[in-house]
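Asker: Here's a structure for you.
There are 2 protein chains.
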Amino acid sequence: MVDPKAVLHNLDELRALTSDEQGAQRVAWSPVWLRARAWFEEKLKDLPIEHHYDAAANHWITVKGESEKALVLGSHLDSVPNGGWLDGCLGVLAGLEVLTSLAKEYNGKPPFTVRLVDWADEEGARFGRSLFGSSAFAGSHTIEADRVRTDREGTTLEAALRSCGVDVNRIGDANREQKNIAAYLELHIEQGPILEKLNKPLGEVQGTKGVERWAVTFHGQEAHSGSTPMDARRDALAAAAKLALEIRPIALRHPQSVATMGSVKTFPGIVTAVVGRCETTLDMRDLDAKILSEMLREAREASERFAREERCSVEWSKIWSIEPIPFHPELIKLCDEAIIETAGVSEQLPSGPLHDAAEVARIGIPTVMMFVQSLNGLSHNRAEDTSRAHIEQAVIALNRLAEKTIGWIQQQ
Amino acid sequence: MVDPKAVLHNLDELRALTSDEQGAQRVAWSPVWLRARAWFEEKLKDLPIEHHYDAAANHWITVKGESEKALVLGSHLDSVPNGGWLDGCLGVLAGLEVLTSLAKEYNGKPPFTVRLVDWADEEGARFGRSLFGSSAFAGSHTIEADRVRTDREGTTLEAALRSCGVDVNRIGDANREQKNIAAYLELHIEQGPILEKLNKPLGEVQGTKGVERWAVTFHGQEAHSGSTPMDARRDALAAAAKLALEIRPIALRHPQSVATMGSVKTFPGIVTAVVGRCETTLDMRDLDAKILSEMLREAREASERFAREERCSVEWSKIWSIEPIPFHPELIKLCDEAIIETAGVSEQLPSGPLHDAAEVARIGIPTVMMFVQSLNGLSHNRAEDTSRAHIEQAVIALNRLAEKTIGWIQQQ
Chain A
1 MVDPKAVLHN LDELRALTSD EQGAQRVAWS PVWLRARAWF EEKLKDLPIE
51 HHYDAAANHW ITVKGESEKA LVLGSHLDSV PNGGWLDGCL GVLAGLEVLT
101 SLAKEYNGKP PFTVRLVDWA DEEGARFGRS LFGSSAFAGS HTIEADRVRT
151 DREGTTLEAA LRSCGVDVNR IGDANREQKN IAAYLELHIE QGPILEKLNK
201 PLGEVQGTKG VERWAVTFHG QEAHSGSTPM DARRDALAAA AKLALEIRPI
251 ALRHPQSVAT MGSVKTFPGI VTAVVGRCET TLDMRDLDAK ILSEMLREAR
301 EASERFAREE RCSVEWSKIW SIEPIPFHPE LIKLCDEAII ETAGVSEQLP
351 SGPLHDAAEV ARIGIPTVMM FVQSLNGLSH NRAEDTSRAH IEQAVIALNR
401 LAEKTIGWIQ QQ
Chain B
1 MVDPKAVLHN LDELRALTSD EQGAQRVAWS PVWLRARAWF EEKLKDLPIE
51 HHYDAAANHW ITVKGESEKA LVLGSHLDSV PNGGWLDGCL GVLAGLEVLT
101 SLAKEYNGKP PFTVRLVDWA DEEGARFGRS LFGSSAFAGS HTIEADRVRT
151 DREGTTLEAA LRSCGVDVNR IGDANREQKN IAAYLELHIE QGPILEKLNK
201 PLGEVQGTKG VERWAVTFHG QEAHSGSTPM DARRDALAAA AKLALEIRPI
251 ALRHPQSVAT MGSVKTFPGI VTAVVGRCET TLDMRDLDAK ILSEMLREAR
301 EASERFAREE RCSVEWSKIW SIEPIPFHPE LIKLCDEAII ETAGVSEQLP
351 SGPLHDAAEV ARIGIPTVMM FVQSLNGLSH NRAEDTSRAH IEQAVIALNR
401 LAEKTIGWIQ QQ
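If you read the protein sequences in the order shown, they are chains A and B. The first sequence maps to residues 1 to 412 in this note's numbering. The second sequence maps to residues 1 to 412 in this note's numbering.
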């Protein structure tokens, strides 16, 4: 049987090893991350497993089964700087416990192969490229775009990878790991407030929301704050402020939409000048591609209206986008059952944040994620937390889901 | 008689000597500024004058009259970086022409002493301290605050002054120049669009507006842009955006008020996070102290209301303030007459920007300023301009005002 307390013990040990008073410091390609991975390798000793790193530095742990068809559990050990103790590593350490338990249960030879993957650089914290390892695995990675990436110190991605023994030209070879995968499961903290608000410990994830990410810049006329009458101004900030407020009703028209203006920069940005140029960023998400494109259109039209009202102009430049990625309906149903058997109640919810599971699902591998409640909806900082009782329930539910998924693979 | 073309000639010569393709570069305490001042000294040769620099590097040029009572004309040769060809130096070069003309008219001995002052570092562009020389003259300078000022390269104000032969400990001695001053006149470009809109070349200035300058910071809760539902957010930017829009009706309730949010900074300021902290600056101005304090109160109350609405908090921290400084009513009347005699029409308007004249007026010296029309309301950049015909009218009108002021001093 699965031992949830062992997972808590490992989480505590990893926190002690890789955090400081500002939080977790397991930034991918850093010495602390390598230390976390070395610590994790120690945990694999004496287990009946094979393990290796693929060409993109994803770490694969395998219990061979009767069939080569494989159930994969996964998540990531890397964190953002000053991150939390659960984001990513909960899924890896719970996955290890489930893997160990399944190996024991079937005397080292389960009916199907069971694998655990620790994806490399999910966060993209240092080079701005999230889902690095899982997108290399999925073949959606673009090496050319990554060649020019540098961190704040000017170190190239290529050099950082090389120092970890990874050749950037070969990362596409990670797609060989796709072979024989029949299903993928990922446990993660919610990182939002929904489950806590509903007083439910766990939920099954419908899929990851599509994201439209744009730079929106308003151009007005820089002018002296003392000598320019109010009615003679072309204030780029005023147009941007209207958009910052208008994206909220646009998002609120749909139950699961979110829209965020996360960054505003003013130029010249001094106390004595009317803002001549205002650079903003917009991030919009929904699980429904049609709703998402409608939101984008509405925000764009609103920005053009506000620009006209303020005698400014506006330009939109795409930063990045991804389509909504739904998870597998039958695995969602199994996840719901596993949660109800464990906690009595469940909830179906979309994931706003992206996860490695999205990269796995988009190449057609049946995938589902399970969320465990976050306290105060906080993540990506040291205040990130989940009650220990809920973590234990999550491990038990993930184990149930793994067993159910093995049964489901058998039926295919 | 005064020769307006000589002023244009000098302005062109100074522009050629001290500008590059980005505009004027006569930043105070820089080699280019010293070059401008050396060029100006050359213009004084062969004139029947005495000249010297005071303890704060203000340059005083004196034509001794029958009486020691003095009429002073003034402005500044320094500019902002990438500045215009007229801001400041128009007043100095027109003043020189008027001084020369008066000396000739009275055969080197006018009834009163006539002086011209080129104030040091009006712009405060390098160390953030505007009206440096004139406030030393007026005794409102605080040496202690200036000791710690540094420029972007880390050079201290004290060291920059020393390299120009100025001892920061002695700048207060500039107040000796106050002696016997009976009136102060300053010609300046408007730097705003009012006169152009009214199609009037010149206007007399009622005084300089009072200024309330504050840092206004909203505190909300940083949150993940993907996982945080719209109704669970405490978005500091939303509260700030409401204030950016609300200061406009507050200012528009009064005919001459202006209110500007010139800088907005978002933290963490990334595309994927709801803004947890939003730092803004507010600059409000009016000629009426009562209206100004009412605007401040209204803006403050609005900010607190918006903070409550967005479940944020707000804090106000004063950056700087100055009271409205009215100019002398009789000199305003003389200025109006001089303008009407020159251009047929005039206009009374306040100055939104501060000027050295404000420092002179606040110690009780009868003071007035004359504005000449700016094209497109632009200043502090190379696009700053005024038609040459209007510059010529300005020189003639300033000369008339100087003559009238001598008459007025005589009547006192």
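Glycine included, C-beta positions come from ideal geometry on N, C-alpha and C.
State the Cα-Cα distance for the pair B:G203 and B:A343, rounded to the nearest angstrom.
Answerer: Mapped onto the second sequence, residue 203 of chain B falls at position 203. Mapped onto the second sequence, residue 343 of chain B falls at position 343. Put simply, the backbone Cα of B:G203 is about 10 Å away from that of B:A343.
Asker: Identify which residue in A:E347, A:I340, A:G220, A:G352 has its Cα closest to the Cα of A:A307.
Answerer: As a working mapping, residue 307 of chain A is identified with position 307 in the first sequence. Taking each of A:E347, A:I340, A:G220, A:G352 in turn and checking the Cα distance to A:A307, the smallest one comes out for A:G220.
Asker: Return the CA-CA distance between B:V7 and B:A394, expressed in angstroms with no decimal places.
Answerer: For the purposes of this step, residue 7 of chain B is taken as the residue at position 7 of the second sequence. For the purposes of this step, residue 394 of chain B is taken as the residue at position 394 of the second sequence. Each residue's alpha carbon lies about 10 Å from the other.
Asker: Please report the distance separating the alpha-carbon of A:I322 from that of A:L11.
Answerer: Counted from its first residue, the first sequence places residue 322 of chain A at position 322. Counted from its first residue, the first sequence places residue 11 of chain A at position 11. Going by C-alpha positions, A:I322 is about 32 Å away from A:L11.
Asker: Would a check of beta-carbon distances place A:P268 closer than 9 Å to chain B?
Answerer: On the first sequence, position 268 is the one that residue 268 of chain A refers to. Yes, contact with chain B.
Asker: Residue range of the beta strand (DSSP E) that B:L282 falls in?
Answerer: Position 282 of the second sequence, counting from 1, holds the residue named residue 282 of chain B. Looking at the DSSP string, the run of the beta strand (DSSP E) that includes B:L282 is 277–286.
Asker: So the candidates are A:K209, A:E298, A:R285; which of them puts its Cα closest to the Cα of A:I250?
Answerer: Taking the first residue of the first sequence as 1, we reach residue 250 of chain A at position 250. Put simply, of A:K209, A:E298, A:R285 the residue whose alpha carbon is nearest the alpha carbon of A:I250 is A:E298.
Asker: By the criterion of Cβ-Cβ separation under 7 Å, what are the contact partners of A:M230 in chain B?
Answerer: Position 230 of the first sequence, counting from 1, holds the residue named residue 230 of chain A. Those within 7 Å of A:M230 in chain B are R248, A251, L252, V258.
Asker: Can you tell me which of the three DSSP states B:H76 falls into?
Answerer: Numbered from 1 along the second sequence, position 76 holds the residue referred to as residue 76 of chain B. Three-state result, B:H76: coil.
Asker: Under the three-state reduction of DSSP, which class applies to A:H390: helix, strand or coil?
Answerer: Within the first sequence, numbered from 1, the residue matching residue 390 of chain A stands at position 390. Note: A:H390 maps to helix in three-state DSSP.
Asker: Three or more beta-carbon pairs under 8 Å between the stretch 191–211 of chain B and the stretch 362–374 of chain B, yes or no?
Answerer: yes
Asker: Using 8 Å for Cβ pairs, my map puts B:V114 next to B:V63. What's the rounded Cβ distance?
Answerer: For the purposes of this step, residue 114 of chain B is taken as residue 114 along the second sequence, with counting starting at 1. For the purposes of this step, residue 63 of chain B is taken as residue 63 along the second sequence, with counting starting at 1. The pair is a contact, with the Cβ atoms about 5 Å apart (cut-off 8 Å).
Asker: Under 9 Å between C-beta atoms, does A:Q191 make it to chain B?
Answerer: Walking along the first sequence from the start, residue 191 of chain A turns up at place 191. A:Q191 counts as touching chain B.
Asker: Cα-Cα, which of A:Q191, A:F132, A:E309, A:E246 is closest to A:R149?
Answerer: For the purposes of this step, residue 149 of chain A is identified with residue 149 of the first sequence, where counting begins at 1. The shortest Cα separation from A:R149 among A:Q191, A:F132, A:E309, A:E246 belongs to A:F132.
Asker: If you draw a straight line from the C-alpha of B:W33 to the C-alpha of B:S163, how long is it?
Answerer: Along the second sequence, read from residue 1 onward, the residue named residue 33 of chain B stands at position 33. Along the second sequence, read from residue 1 onward, the residue named residue 163 of chain B stands at position 163. Looking at the backbone, the Cα of B:W33 and that of B:S163 are separated by about 13 Å.
Asker: Candidates B:A125, B:N175, B:D121: which alpha carbon is nearest B:A136's?
Answerer: Position 136 of the second sequence, counted from the start, is the residue given in the question as residue 136 of chain B. Answer by Cα proximity: B:N175.
Asker: Which residue comes first and which comes last in the beta strand (DSSP E) that contains B:M1?
Answerer: Walking along the second sequence from the start, residue 1 of chain B turns up at place 1. If you look at B:M1, you'll find it isn't in any beta strand (DSSP E); DSSP assigns it neither H nor E.
Asker: If I measure Cβ to Cβ from A:G91 and keep anything under 6 Å in the same chain, skipping five residues before and after, which residues do I get?
Answerer: As a working mapping, residue 91 of chain A is identified with position 91 in the first sequence. Excluding sequence neighbours, A:G91 sits near S75, E186, L187, H188.
Asker: Between A:H224 and chain B, is there a C-beta pair that is closer than 9 Å?
Answerer: Within the first sequence, residue 224 of chain A is the residue found at index 224, counting from 1. By this cut-off, A:H224 is an interface position.
Asker: Going along chain B, which residues have a C-beta under 9 Å from A:I194?
Answerer: Counted from its first residue, the first sequence places residue 194 of chain A at position 194. Chain B residues near A:I194: S227, P229, A232.
Asker: Do B:L77 and B:F40 count as a contact pair if the criterion is CB distance below 9 Å?
Answerer: Residue numbering aside, residue 40 of chain B sits at position 40 when the second sequence is read from its first letter. Residue numbering aside, residue 77 of chain B sits at position 77 when the second sequence is read from its first letter. Cβ distance < 9 Å, so B:F40 and B:L77 count as in contact.
Asker: Just curious, the beta strand (DSSP E) that A:G207 is in, first and last residue?
Answerer: For the purposes of this step, residue 207 of chain A is taken as the residue at position 207 of the first sequence. Residues 202–208.
Asker: Closer than 7 Å by beta-carbon distance: list the chain A residues that pair up with B:R285, in chain order.
Answerer: For the purposes of this step, residue 285 of chain B is identified with residue 285 of the second sequence, where counting begins at 1. G226, listed in chain order.
Asker: Quick one: any contact between the stretch 238–258 of chain A and the stretch 280–297 of chain A, if contact means 3 or more CB pairs under 8 Å?
Answerer: yes
Asker: Does the stretch 216–233 of chain A come close enough to the stretch 380–398 of chain A that 3 or more CB-CB pairs lie under 8 Å?
Answerer: no
Asker: By the 10 Å Cβ neighbour count, where 16 or more other Cβ atoms means buried, how is B:V345 classified, buried or exposed?
Answerer: Reading the second sequence from its first residue, position 345 is the one you call residue 345 of chain B. Exposed, since its Cβ has fewer than 16 Cβ neighbours within 10 Å.
Asker: Return the first residue and the last residue of the alpha helix (DSSP H) that B:D336 is part of.
Answerer: For the purposes of this step, residue 336 of chain B is taken as the residue at position 336 of the second sequence. Per DSSP, B:D336 belongs to the alpha helix (DSSP H) from 329–343.
Asker: With 9 Å as the threshold, decide whether the Cβ of A:I319 is near any Cβ in chain B.
Answerer: Position 319 of the first sequence, counting from 1, holds the residue named residue 319 of chain A. With 9 Å as the cut-off, A:I319 counts as an interface residue toward chain B.
Asker: So for A:P350, helix, strand or coil by DSSP?
Answerer: Along the first sequence, one-based indexing puts residue 350 of chain A at 350. DSSP places A:P350 in strand when its eight states are reduced to three.
Asker: Could you check if A:H355 is buried or exposed, using at least 16 other CB atoms within 10 Å of its CB as the buried criterion?
Answerer: For the purposes of this step, residue 355 of chain A is taken as the residue at position 355 of the first sequence. Buried, since its Cβ has 16 or more Cβ neighbours within 10 Å.
Asker: Nearest CA to the CA of B:G84: which residue from B:I363, B:E21, B:G276?
Answerer: Taking the first residue of the second sequence as 1, we reach residue 84 of chain B at position 84. Measuring from the Cα of B:G84, the nearest candidate turns out to be B:E21.
Asker: What separation, rounded to the nearest whole angstrom, lies between the Cα atoms of A:E123 and A:D87?
Answerer: For the purposes of this step, residue 123 of chain A is identified with residue 123 of the first sequence, where counting begins at 1. For the purposes of this step, residue 87 of chain A is identified with residue 87 of the first sequence, where counting begins at 1. Each residue's Cα considered, the two are about 10 Å apart.
Asker: Any beta carbon from chain B within less than 9 Å of A:A38's own beta carbon?
Answerer: As a working note, residue 38 of chain A is residue 38 in the first sequence. With 9 Å as the cut-off, A:A38 does not count as an interface residue toward chain B.
Asker: If distances are taken between C-alpha atoms only, which option among B:G65, B:A56, B:G352, B:P201 comes closest to B:E414?
Answerer: Because residue 414 of chain B is not part of the residues shown, which for chain B are 1 to 412, the question remains open.
Asker: Using a 10 Å radius around the Cβ and a threshold of 16 neighbouring Cβ atoms, would you call A:I319 buried or exposed?
Answerer: The residue labelled residue 319 of chain A in the question sits at position 319 within the first sequence. Under this definition A:I319 is an exposed residue.
Asker: Closer than 8 Å is the cut-off here; do at least three beta carbon pairs connect the stretch 399–406 of chain B with the stretch 206–218 of chain B?
Answerer: no
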